[in-house]
Amino acid sequence: MQGAPAKLSILVIESNPDHARLIETALTQNASQRQVISVVDGTQAINFLRRREAYQDVGRPDLILLDLNLPGQDGKEILTEIKTDSQLKRIPIVVLTTSDREEDILKAYSLQGNCYVIKSSDLEQLFQIVKRIEEFWLKIVTLPVE
Numbered sequence: 005m006q007g008a009p010a011k012l013s014i015l016v017i018e019s020n021p022d023h024a025r026l027i028e029t030a031l032t033q034n035a036s037q038r039q040v041i042s043v044v045d046g047t048q049a050i051n052f053l054r055r056r057e058a059y060q061d062v063g064r065p066d067l068i069l070l071d072l073n074l075p076g077q078d079g080k081e082i083l084t085e086i087k088t089d090s091q092l093k094r095i096p097i098v099v100l101t102t103s104d105r106e107e108d109i110l111k112a113y114s115l116q117g118n119c120y121v122i123k124s125s126d127l128e129q130l131f132q133i134v135k136r137i138e139e140f141w142l143k144i145v146t147l148p149v150e
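Here the working numbering is used: the first residue of the sequence shown is 5, the next is one more, and so on.
What follows is the structure in structure tokens.
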């Protein structure tokens, strides 16, 4: 992948711990040059992205996987905050959520989400979906360099 940093960093914003573990496993399987950071809500996500509190020494992620259904600030609010920030807006965001509602899909794209993927309730299928996301976003696409 051209233009990509040597060690890719992915931020997973997911409140379901089982889904977060599965996503992390799928993204790190056979990938030693990959760092996956999981946060469970919008507050942690924004603190991470703005390097606040426990996240003062972290770098910016190369890719974000964002669930819409989060406690507190929902995923649409997080998407808005990221895409309206000049320092963060170039980070690609994959909306990975259980919602198949047309209004959620339209809203995510109107807020400049880079793609919208509906999670399967079957964990093996979800694993395969994440592997496909990995293949496209981390092996085919050229990501911007910070």
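For every residue, glycine included, the Cβ atom is placed at its ideal position computed from N, Cα and C. The structure displayed is predicted, hence computed values, not measured ones.
Following the continuous beta strand (DSSP E) through S13, name the residue where it begins and the one where it ends.
Start and end: 12-17.
Roughly how many angstroms separate the alpha carbons of R136 and E85, rounded to a whole number?
Roughly 27 Å separates the two Cα atoms.
If we count the other Cβ atoms within 10 Å of its Cβ and call it buried at 16 or more, is E28 buried or exposed?
E28 should be labelled buried.
Do L74 and L100 have their C-beta atoms closer together than 8 Å?
In this structure, L100 does not lie closer than 8 Å to L74 by Cβ.
What are the complete alpha helix (DSSP H) segments, minimum 4 residues, inside the segment 82-131?
Fully enclosed alpha helix (DSSP H) runs of 4 or longer: 106-114.
What I want to know is whether the C-beta of K135 ends up closer than 7 Å to one or more non-hydrogen atoms of the ligand FMN.
Looking at this structure, you won't find the ligand FMN or any other ligand, since it has none at all.
Report yes or no: do three or more beta-carbon pairs, one from the segment 116-123 and one from the segment 86-105, lie closer than 8 Å?
A contact exists between the segment 116-123 and the segment 86-105.
So what does L70 bridge to, in DSSP terms?
Note: L70 sits in a beta bridge opposite I17, V99.
Runs of 3 residues minimum, wholly inside the segment 30-54: which ones carry the beta strand (DSSP E) assignment?
Complete beta strand (DSSP E) runs here, min 3: 38-43.
Using the three-state DSSP reduction, which class does R136 fall into: helix, strand or coil?
Residue state, collapsed to three classes: helix.
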